[in-house]
Each structure stands twice: as structure tokens, then as C-alpha cells.
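**Student:**
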Amino acid sequence: MQSTDIDAREPQKINEMIIECPVCKEKSLKIEDYLYNMPIIGKVILTSGKCSTCGYKFNDVRLAEAGKPRKLVLKIERPEDLNALVVRASSASILIPELDLSMIPGPASEGFITTVEGVLERFLEAVDAACADPEADKTACEKARNMIEEAKQGKRKFTLVIVDPEGVSAIVSDKAREEPVSKEELAKLGYIVAED
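Start counting the sequence shown at 1; every next residue gets the next number (full-length UniProt numbering).
#1: Thr139 by DSSP, collapsed to three states: which one?
#2: Determine the DSSP secondary structure at Arg78, reduced to helix, strand or coil.
#3: Tell me the DSSP secondary structure of Glu185 in three-state form.
#4: Taking a contact to mean a Cβ-Cβ separation below 8 Å, would you say Ile41 touches Val172 in this structure?
#5: Name the residue from Cys51, Leu74, Pro180 whose alpha carbon lies nearest to the alpha carbon of Phe158.
#6: Could you spell out the range, first to last residue, of the alpha helix (DSSP H) harbouring Leu124?
#7: Exposed or buried, which one is Met17 when buried takes at least 16 other CB atoms within 10 Å?
#8: With DSSP as the reference, please indicate the residues paired to residue 200 in a beta bridge.
#9: I'd like the list of long-range same chain contacts for Lys30, defined as Cβ closer than 8 Å, with 5 residues on each side in sequence excluded.
#10: Give the straight-line distance between the Cα atoms of Ala187 and Glu149, rounded to the nearest whole angstrom.
#11: Going by other Cβ atoms of all chains shown within 10 Å of its Cβ, with 16 needed for buried, is Val23 buried or exposed?
#12: To the nearest angstrom, how far is it from the Cα of Glu32 to the Cα of Lys13?
#13: Could you check where the beta strand (DSSP E) with Thr159 kicks off and where it finishes?
#14: Taking 8 Å as the threshold (C-beta atoms), are Val168 and Ala89 in contact?
#15: Going by DSSP, what residues sit across from Arg70 in a beta bridge?
#16: Does Glu32 come out as helix, strand or coil in the three-state DSSP assignment?
#17: Do you know how far the Cα of Leu72 is from the Cα of Cys141?
#18: Among Asn37, Ser28, Lys25, whose alpha-carbon lies nearest the alpha-carbon of Glu10?
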């Protein structure tokens with residue numbers, strides 16, 4: 001492993017390994033981790049993986065400094081708030097209670113860096129995919145779509161909440177605050193919580 005003192009313009013490879021691919025079961029999935037000092041955000045670890053046998057790919061991003069479980073909260077009250085940066089680790093859930101939206105990680109979940117508006121766009125894509133089903137309730141689909149569009153245009157106030165059991169997600173905004181997260185809250189979101 002190399003030094004973690006790096007230049008912000010150059011990602012530094014810190015790990016490389018070849019493991020069994022979860023898709024084709026061949027030992028041909030090359031995983032590479034890079035440490036990158038991003039302006040504004042700080043040090044992040046970018047992970048990429050590609051299977052040379054079947055072509056399976058994945059990417060992940062997380063803050064380099066792991067912490068305790070955390071809940072990050074940002075109230076979106078003005079259109080400018082939509083520009084706040086969001087670093088969502090693959091382990092983290094994103095909730096928007098006012099819009100009844102939740103992004104709960106699954107086994108193939110990937111981390112990402114985007115803005116609050118980008119998070120809304122991801123929710124919009126998920127609604128569109130779900131509503132493509134001929135059995136979907138078209139009225140509910142249209143209602144959900146309209147609420148998200150209004151939020152994207154800054155016409156609807158809402159709260160963005162990130163719950164991360166590993167503490168490696170972030171919201172880059174002076175308005176963002178960290179709140180305690182209880183074991184009950186983590187368990188309700190499906191995280192396995194160790195007993196004391």
C-alpha cells in the first residue's frame with residue numbers, strides 16, 4: 001500500500017485484487033481501489049470492478065474516513081439547496097419523508113456522488129421504471145412523478161435524509177446537520193444491528 005498523502009489531481013491506486021465474480025463464478029473479477037482527494041469533499045475511495053470473463057462491472061464511492069453510524073439531514077427550502085453535493089456510500093439509505101421516497105441499498109447497490117437534484121433524478125428514473133409495468137397504478141405514478149418534478153424545480157420544500165451504518169456518506173452543505181441514529185432506526189431500515 002502506498003502513502004495516503006496524495007495530490008488532489010491524481011487518484012492513487014491503493015489496492016488491487018482478483019476475486020470470484022458473483023455472476024459467472026470465475027476468479028476473474030478485478031477490483032481496484034483508488035484514493036482521491038476531492039476538492040470540497042475531501043478524501044474518497046473510488047472502487048471499480050470488472051470481470052474479464054462475463055463483463056460484469058460495478059463502481060462504488062465512499063469517504064476514506066470510516067466512522068460510526070450516522071444520519072445526515074438537509075432541509076431543501078430554496079432552489080439553490082438542490083445544488084448541495086451528496087456522497088452516498090453503497091451501504092447508505094436515502095429518505096425523503098415528505099415525498100414518501102426511499103432508496104434502500106440492496107446487494108448490488110453502488111455508491112455515487114451527485115447533487116440533491118441528481119438524487120431526485122434517480123428517484124424519477126425509478127418511478128418511471130416502476131410505472132412502465134402495465135399493472136402499475138397510473139394515477140399514483142403521475143402523482144409521484146409530479147411531486148418529484150416540483151421538488152426538482154424548487155417549488156416544493158422537503159428534507160433529504162441519509163442513514164449510513166458505516167458513516168462514510170456525506171452531504172456537502174453548510175445547512176446539513178448530523179443527528180444521532182438509533183439502533184431501532186437502523187434495524188427498521190433493514191440493517192443488521194449488533195447487540196451490546
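We treat Cβ as the ideally placed atom computed from N, Cα and C, and that holds for glycine.
**Tutor:** The answer reads as follows:
#1: helix
#2: coil
#3: helix
#4: yes
#5: Leu74
#6: 116 to 131
#7: exposed
#8: A question about residue 200 goes unanswered here, because the residues of the chain that appear run from 1 up to 196.
#9: Glu16, Met17, Ile18, Gly49, Lys50, Cys51, Ser52
#10: 31 Å
#11: exposed
#12: 7 Å
#13: 158 to 164
#14: yes
#15: Asp164
#16: strand
#17: 28 Å
#18: Asn37
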